[in-house]
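Just so it is clear: in the sequence shown, position 209 is 446 by the numbering used here, and no numbers are missing. Glycine included, every Cβ here is placed at the ideal spot set by N, Cα and C. Below is one structure; the comments refer to it alone.
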Amino acid sequence: MLGLRALGCLLVCLATTLPNAAVESSLAPNSDPGYQQLRSLTLSGESVSVSNIALQRDAATFHLRSGTVCFVPAVQGKVTGAAFVGDGNMVLDAPTPDERASLKLLTKEDQFSENFGQLVLRFTDSTYAELKKAGSPGSGSCDAGLLRDSQNVMRHGRMLKYNLEGRILEDLLGSASGGLFVAFVHGKRYNDKEIFFIDPNGAPEVAPEEVELMTYDASKQGVWASGYSRLSGCRASARRMGSLWGLFRKTKTTMPTSV
């Protein structure tokens with residue numbers, strides 16, 4: 238008798254759970270149209286020629302001395318990426334002597350000054366408008382492989398996995414103006430796999446800190462510098478553990494829940 242009762246309970250459970258499972262399985266994951274557009278982005282053909290442009294983002298200044306900037310198509314009415322090919326330089330200005338000393342341990346130089354010939358930018362801030370205004374109409378082209386490489390780094394990298402498209406979509410669908418800025422720097426002096434990250438919601442691996450410089454080279458993977466944004470008013474020592482721009486540290490990265 239007990240066995241029949243248990244079997245009856247099992248049948249009831251199956252009858253109530255299987256329809257729900259069928260409904261859930263019929264829903265395609267990550268099916269938001271905007272998200273799918275972001276996942277499949279390539280360069281649009283829109284480009285500008287640049288000469289001696291300085292793009293300042295918090296503690297970093299990107300000097301685009303000469304070259305071409307190519308943009309991605311708009312998603313939800315907003316352009317969220319660009320690739321640069323030419324002659325450029327990135328300077329990281331740590332604001333205190335202690336912070337400069339931390340970076341000097343890694344670079345063996347008084348100033349972090351990285352030269353590059355290729356750069357990929359992803360953003361939800363005013364970067365597109367600034368570059369369009371500062372540049373002039375150009376007929377140059379950029380290697381679309383640069384953008385694909387940056388996408389692969391975030392999606393399939395052995396040491397770094399981060400749902401950047403999901404984070405961008407969050408800003409596109411939100412009511413507040415976005416402040417996300419990510420630069421994939423193909424450096425010529427320190428490392429050819431560098432990422433400079435600004436996220437008001439907290440940069441990967443160092444949140445709640447919003448600013449981060451890291452490398453994702455297999456032999457030099459980790460955070461070189463991190464801190465609170467100069468615009469956030471959150472740089473007080475009460476919110477810090479140790480130096481504002483912590484020393485180099487190895488990190489592990491996990492994939493956030495996708496949108």
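- Message: Using C-beta distances below 7 Å, list every residue in its chain close to residue 402, excluding the 5 sequence neighbours before and after it, in chain order.
- Response: 272, 275 and 276
- Nearest neighbour of residue 435, chosen from 443, 445, 417 and 337 [CA to CA]: 417
- Going by beta carbon distance, what residues of the same chain come within less than 6 Å of residue 303, once the five residues before and after it are set aside? 288, 323 and 324
- Would you list, in sequence order, the uninterrupted beta strand (DSSP E) runs of no fewer than 3 residues that lie entirely inside the region 350 to 381? none
- Per DSSP, the bridge partner or partners of residue 326: 300 and 352
- Task: Pull up the DSSP beta-bridge partners for residue 346, would you.
- Result: For residue 346, which the question treats as bridged, DSSP gives no partner whatsoever.
- Item | 8 Å contact criterion, which residue 278 and residue 318 should meet: CB distance rounded | 6 Å
- Task: Return the first residue and the last residue of the beta strand (DSSP E) that residue 272 is part of.
- Result: First-last for residue 272: 270 to 276, but that is the alpha helix (DSSP H), not the beta strand (DSSP E).
- Query: Which class does residue 313 belong to by DSSP, given the choice of helix, strand or coil?
  - Reply: Note: residue 313 maps to coil in three-state DSSP.
- Query: Measuring CA to CA, which of 370, 397 and 347 is closest to residue 329?
  - Reply: Ranking 370, 397 and 347 by Cα distance to residue 329 puts 347 first.
- From 394, 334 and 446, residue whose alpha carbon lies closest to that of residue 454: 394
- Message: Short of 8 Å in beta carbon distance, which residues of its chain neighbour residue 471, apart from the five on each side in sequence? Order them along the chain.
- Response: For residue 471, the pLDDT reaches just 47, beneath the cut-off of 50, and the residue's location in the model is therefore unreliable, leaving the point undetermined.
- Query: What residues are listed by DSSP as bridge partners for residue 458?
  - Reply: 453
- Cutoff 8 Å; reference residue 263; Cβ partners in own chain excluding five residues on either side: Because the pLDDT at residue 263 is just 47, under 50, the model does not fix this residue reliably, and the point stays unresolved.
- Query: Going by Cα to Cα distance, which pick from 390, 457 and 372 is closest to residue 420?
  - Reply: The candidate whose alpha carbon is nearest that of residue 420 is 390.
- Rounded to a whole number of angstroms, what is the C-alpha to C-alpha distance between residue 267 and residue 340? 39 Å
- Query: So residue 356 packs on residue 308, CB below 8 Å; how close in whole Å?
  - Reply: Rounded to whole angstroms, the Cβ separation of residue 356 and residue 308 is 13 Å, and the two are not in contact under 8 Å.
- Please list, in chain order, all residues of the same chain as residue 365 whose beta carbon is under 6 Å from its beta carbon, the five residues on each side excluded. 316
- Task: Compare the C-alpha of residue 284 against each of 379, 426, 343 and 439 and name the closest.
- Result: 379
- Query: Just how far apart, CA to CA, sit residue 423 and residue 387?
  - Reply: 10 Å
- Would you check if the distance between the CB atom of residue 430 and the CB atom of residue 352 is smaller than 8 Å? no
- Query: Do we get a CB-CB distance below 8 Å when we pair residue 352 with the residues of chain D?
  - Reply: No chain D appears in this structure, which consists of one protein chain only.
- Message: Quick check on DSSP: helix, strand or coil for residue 338?
- Response: helix
- Message: At 3 residues or longer, what runs of the beta strand (DSSP E) sit wholly inside the region 395 to 431?
- Response: If we require 3 residues or more, the beta strand (DSSP E) runs fully inside the region 395 to 431 come out as 418 to 424.
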